[in-house]
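Okay, structure first, notes after.
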Amino acid sequence: MKKILVPVDFSKHSEHALEVAAAIAKEQGSEIVALHMMGLSDAVVTRNQSKEVFEAMYYMRLAEKQFAELLDKDYLKDIKVTDTVHNYTKFNEINTVAKEMDIDLIVMGSHGTTGMKEVFVGSNTEKVVRTSEIPVLVIKHRSENFAPKSGIFACDFLENSIGPYKRAKRIFDMLGIDMQLLYINLAGDFRSTREIERRILKFLTDANDPNPLSTLNKVVQYNDYSVEAGIFAYSQVANADIIALPTQGRQGLAHFFSGSIGEDVVNHSDLPVMTFKV
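Under our numbering, residues 14 to 291 are what the sequence shown spells out, in order.
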């Protein structure tokens with residue numbers, strides 16, 4: 014993992030993400046790219062009138078000052094950190110910046126406070142998750158020593174989840190995270206054990222698992238009334254440190270988390286979530 018991108022708005026949430034990125038960078042020998050999105054209007058950037066020019070210069074200097082304060086942290090010692098400011102009016106254009114810079118992982122803080130759906134849907138974080146072709150790690154709270162040991166990868170075990178599964182497996186292996194595969198069997202779309210096992214075995218075989226039968230025996234089938242409730246309930250049972258999920262492109266997590274939501278379960282989840290675009 015050569016480069017980690019951290020979008021920053023100089024809030025405590027983006028600093029939480031930066032601290033997690035630093036922990037990963039130290040372990041992997043990665044460079045951190047700290048990106049601030051200015052969001053200036055075209056008028057401010059292009060017009061020559063003194064007021065607009067002054068405003069642009071003011072925000073640039075303010076960003077430089079804030080970067081100096083943000084990056085003066087002990088946890089960034091001995092890590093290569095590059096700070097950069099881009100003027101983009103659409104937050105989802107982070108995906109373009111990430112591809113241009115050959116980023117391997119995006120780490121973002123979240124302003125969400127009331128649960129998993131609210132963390133993503135309608136927020137800047139959700140926009141990045143929805144559009145990013147690069148894995149996104151979302152951090153809700155401060156983690157001084159980010160070193161997850163066990164994680165869950167939950168999916169439907171259909172063909173379009175093979176790519177996300179492989180990418181998640183590669184990153185989990187890189188970070189030393191033990192991956193637990195999880196299938197949620199819904200009450201409203203119930204499938205027999207045999208049906209599920211056939212689907213999962215085909216999935217693992219198509220994903221070139223070296224020992225699909227052995228892996229199949231380790232896949233957890235968990236019954237619940239909604240996908241999200243099942244994921245969070247099992248994450249508590251398994252004492253997981255991180256959750257990984259595939260996302261459906263433009264539909265994003267709004268699609269994944271549609272339907273009836275177990276609010277109590279969702280609201281009490283403080284786990285980091287890593288997403289992989291289908």
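A virtual CB, placed ideally from N, CA and C, is assigned to each residue, including glycine.
Exposure of residue i, with buried meaning 16 or more beta-carbon neighbours within 10 Å
i, result
"M287", "buried"
"P223", "exposed"
"K290", "buried"
"T97", "exposed"
"G189", "exposed"
"T138", "buried"
"L24", "Before going further, note that residue 24 is Ser rather than Leu in the sequence given. Exposed, because fewer than 16 other Cβ atoms sit within 10 Å of the Cβ of S24."
"A160", "exposed"
Rounded C-alpha distance that separates residue i from residue j
i, j, result
"A181", "A257", "7 Å"
"F245", "F185", "19 Å"
"Q41", "I92", "11 Å"
"D115", "T228", "32 Å"
"L199", "P259", "18 Å"
"V250", "I37", "26 Å"
"Y71", "F80", "14 Å"
"Q261", "S174", "10 Å"
"L83", "K39", "18 Å"
"G202", "R211", "Per the sequence shown, the amino acid found at residue 202 is Asp instead of Gly. D202 and R211: Cα-Cα distance of roughly 16 Å."
"M14", "D117", "6 Å"
"S239", "S248", "14 Å"
"K140", "A111", "14 Å"
"E146", "K90", "30 Å"
"D87", "E157", "12 Å"
"R183", "E172", "18 Å"
Same chain, Cβ closer than 6 Å to residue i, five either side skipped, listed in chain order
i, result
"S27", "V21 and G122"
"L226", "none"
"F216", "F170"
"S163", "D191, A253 and D254"
Three-state secondary structure assigned by DSSP to residue i
i, result
"Q261", "coil"
"E28", "helix"
"F80", "helix"
"S174", "helix"
"D191", "strand"
"S248", "helix"
"L217", "helix"
"K231", "coil"
"L284", "coil"
"K162", "coil"
"A253", "coil"
Residue-level contact to chain B via CB, residue i, 8 Å cutoff
i, result
"N173", "The structure shown has no chain B; it contains just one protein chain."
Cutoff 7 Å; reference residue i; Cβ partners in own chain excluding five residues on either side
i, result
"D283", "K153 and H154"
"K178", "Looking at the sequence itself, residue 178 is Tyr, so the reference to Lys does not match. Excluding sequence neighbours, Y178 sits near F166, C168 and A220."
"I209", "Y196, N198 and Q234"
"I213", "F170, Y196, L229 and V232"
"K16", "S43, E44, V46, M114, D115, I116 and D117"
"R204", "N198"
Other residues of its chain near residue i: CB distance less than 8 Å, five sequence neighbours each side excluded
i, result
"V19", "S27, A30, L31, A34, I45, V46, A47, L48, I119, V120 and M121"
"T206", "Q234"
"T95", "E44, I45, V46 and A47"
"T218", "P225"
TODO: Decide if the region 193-203 is in contact with the region 220-238; the criterion is three or more beta carbon pairs, one per stretch, under 8 Å apart.
DONE: Yes, the region 193-203 touches the region 220-238.
Open item on the list: When you compare the region 146-157 with the region 75-84, are there three or more beta-carbon pairs, one atom per stretch, that lie closer than 8 Å?
Closed with: As far as the Cβ criterion goes, the region 146-157 does not touch the region 75-84, which means the pair count is below three.
Open item on the list: Check whether the region 44-52 and the region 159-176 touch, using three or more Cβ-Cβ pairs below 8 Å as the test.
Closed with: Taking a contact to require three or more Cβ pairs closer than 8 Å, the region 44-52 and the region 159-176 do not qualify as touching.
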